[in-house]
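Take a look at the structure set out below.
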Amino acid sequence: MYHLLDRARTHDDESAIAALHALVRDYQDFHRSLYSRAMNQAAVFADAGLQEPLLAALADTRYNCQAWAAMGCAAMDIRAAVPQLITLLDHPQWIVRGETVTALGRLGDASAVPSLRPLLGDQADWLRQRTADALARIGGDAALEALWHEFEHRRFPRIGYLASTLALFTPEVVPRLLAASDSTDPDQRYWAAVALGSTGDDRAVPTLERLMAGDRGVTVFDGEVRTAAKKALRTLRRIQTAIAERESAGARTRTR
Numbered sequence: 003m004y005h006l007l008d009r010a011r012t013h014d015d016e017s018a019i020a021a022l023h024a025l026v027r028d029y030q031d032f033h034r035s036l037y038s039r040a041m042n043q044a045a046v047f048a049d050a051g052l053q054e055p056l057l058a059a060l061a062d063t064r065y066n067c068q069a070w071a072a073m074g075c076a077a078m079d080i081r082a083a084v085p086q087l088i089t090l091l092d093h094p095q096w097i098v099r100g101e102t103v104t105a106l107g108r109l110g111d112a113s114a115v116p117s118l119r120p121l122l123g124d125q126a127d128w129l130r131q132r133t134a135d136a137l138a139r140i141g142g143d144a145a146l147e148a149l150w151h152e153f154e155h156r157r158f159p160r161i162g163y164l165a166s167t168l169a170l171f172t173p174e175v176v177p178r179l180l181a182a183s184d185s186t187d188p189d190q191r192y193w194a195a196v197a198l199g200s201t202g203d204d205r206a207v208p209t210l211e212r213l214m215a216g217d218r219g220v221t222v223f224d225g226e227v228r229t230a231a232k233k234a235l236r237t238l239r240r241i242q243t244a245i246a247e248r249e250s251a252g253a254r255t256r257t258r
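Numbering-wise (our numbering), the sequence shown opens with residue 3 and increments by one.
Encoded structure:
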């Protein structure tokens with residue numbers, strides 16, 4: 003299997019790709035270990051023509067490779083899989099739930115947002131983080147509102163994943179984060195500072211400087227707001243420097 007994948011990846015070997023396609027089409031004839039290994043690298047042999055067998059594997063509880071079928075659907079941009087994937091969000095197997103969330107994020111269908119939203123309250127930290135990442139990849143107003151609601155009505159003490167994903171909604175989220183930095187809740191000010199740093203937006207600088215200089219608030223996990231603001235300001239500067247360097251490099255390339 004790994005030899006086939008290597009030939010397909012590095013040499014665009016048609017016979018290797020055909021063999022991998024046959025494995026997907028006739029998946030029930032192959033051991034699950036082979037199927038899962040292939041799906042881990044499904045992008046190497048992606049083909050929209052494999053939609054039907056991928057959807058079949060996604061629903062096949064006896065074959066028990068639904069997590070890897072979800073990977074394949076994401077890698078091959080099988081958007082018809084979205085309704086089936088949504089039904090798998092409450093699957094008893096943790097790996098199926100996790101790969102389903104990731105697949106929905108990669109497919110980017112906004113219809114999945116209402117079903118993903120409750121998972122921001124899951125007891126498993128890793129699943130909350132993966133859900134926040136998926137919502138950020140999907141984007142749009144509904145995804146932003148889901149993340150913001152969880153930010154405002156914090157159910158867990160450490161929500162760095164929310165701060166990171168909210169920052170991806172720049173520039174529209176910046177005014178909300180600036181307002182949150184004036185909250186009476188030190189935890190909300192702390193995470194607002196973290197998120198503002200990740201935006202790389204100049205509008206955040208005065209607020210971060212103010213928090214760094216005078217906010218002695220402490221979070222429920224003993225984090226200091228002023229320390230978060232100091233780190234956030236450094237992060238913001240690094241982002242701005244990286245952007246400036248990329249733009250400069252692009253300008254030099256265009257003038258050649």
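Don't be surprised by glycine CBs; every beta carbon is placed ideally from N, CA and C.
If you're wondering where the values come from, they're calculated on a predicted model, not measured in any experiment.
For my contact list, Asp-203 and Thr-237 are in at a C-beta cut-off of 8 Å; report their separation, rounded to the angstrom.
Locating residue 203 in the sequence shown gives position 201, counting from the first residue. Locating residue 237 in the sequence shown gives position 235, counting from the first residue. Not really, about 12 Å apart at Cβ, beyond 8 Å.
Can you list, in chain order, the residues of its chain whose CB lies under 7 Å from that of Ala-136, leaving out five sequence neighbours each side?
Residue 136 sits at position 134 when you count from the first residue of the sequence shown. Cβ within range, chain order: Val-103, Thr-104, Leu-106, Gly-107 and Leu-118.
Here's a check: name, in chain order, each residue in its chain whose Cβ is nearer than 7 Å to the Cβ of Tyr-37, leaving out the five neighbours to either side.
The residue labelled residue 37 in the question sits at position 35 within the sequence shown. Once the five neighbours on either side are set aside, the close Cβ partners of Tyr-37 are Leu-25, Tyr-29, Cys-67 and Trp-70.
Please confirm whether Leu-180 and Thr-201 have their CB atoms less than 7 Å apart.
In the sequence shown, counting from the first residue as 1, residue 180 sits at position 178. In the sequence shown, counting from the first residue as 1, residue 201 sits at position 199. The answer is no: Cβ separation not under 7 Å.
Whole angstroms is fine: what's the gap from Trp-128's alpha carbon to Arg-39's?
Reading the sequence shown from its first residue, position 126 is the one you call residue 128. Reading the sequence shown from its first residue, position 37 is the one you call residue 39. Straight-line Cα distance between these residues: approximately 23 Å.
Val-84 by DSSP, collapsed to three states: which one?
For the purposes of this step, residue 84 is identified with residue 82 of the sequence shown, where counting begins at 1. It is helical.
For the candidate residues Thr-229, Ala-231, Asp-92 and Ile-161, whose alpha-carbon lies nearest to that of Leu-121?
The residue you call residue 121 lines up with position 119 of the sequence shown. Cα-wise, what sits closest to Leu-121 is Asp-92.
Starting from Cys-75, follow the alpha helix (DSSP H) in both directions and report where the run begins and ends.
The residue given as residue 75 occupies position 73 in the sequence shown. Run containing Cys-75: 68 to 77, per the alpha helix (DSSP H) assignment.
Glu-101 by DSSP, collapsed to three states: which one?
By 1-based counting over the sequence shown, the position of residue 101 is 99. In the structure shown, Glu-101 sits in a helix (DSSP, three-state: H, G or I).
Please state whether the Cβ-Cβ distance between Met-73 and Ala-44 is less than 7 Å.
For the purposes of this step, residue 73 is taken as the residue at position 71 of the sequence shown. For the purposes of this step, residue 44 is taken as the residue at position 42 of the sequence shown. Yes, they are a contact pair.
For Ala-83, which option in Tyr-65, Arg-99, Trp-96 and Ala-61 has the closest C-alpha, if you only look at C-alpha atoms?
Taking the sequence shown and counting its residues from 1, the one referred to as residue 83 is at position 81. For the residues Tyr-65, Arg-99, Trp-96 and Ala-61, the minimum Cα distance to Ala-83 belongs to Ala-61.
So, under 8 Å CB-CB, Ala-206 and Leu-213 are touching, yes? Tell me the CB distance rounded to an integer number of Å.
The count along the sequence shown starts at 1 and reaches residue 206 at position 204. The count along the sequence shown starts at 1 and reaches residue 213 at position 211. Actually they are not in contact, since the Cβ atoms of Ala-206 and Leu-213 sit about 10 Å apart, beyond 8 Å.
Taking the straight line between their C-alpha atoms, what separation do you get for Trp-193 and Leu-235?
By 1-based counting over the sequence shown, the position of residue 193 is 191. By 1-based counting over the sequence shown, the position of residue 235 is 233. One C-alpha to the other measures close to 13 Å.
If you draw a straight line from the alpha carbon of Met-3 to that of Leu-22, how long is it in whole angstroms?
For the purposes of this step, residue 3 is taken as the residue at position 1 of the sequence shown. For the purposes of this step, residue 22 is taken as the residue at position 20 of the sequence shown. Using only the alpha carbons, I get a separation of about 8 Å.
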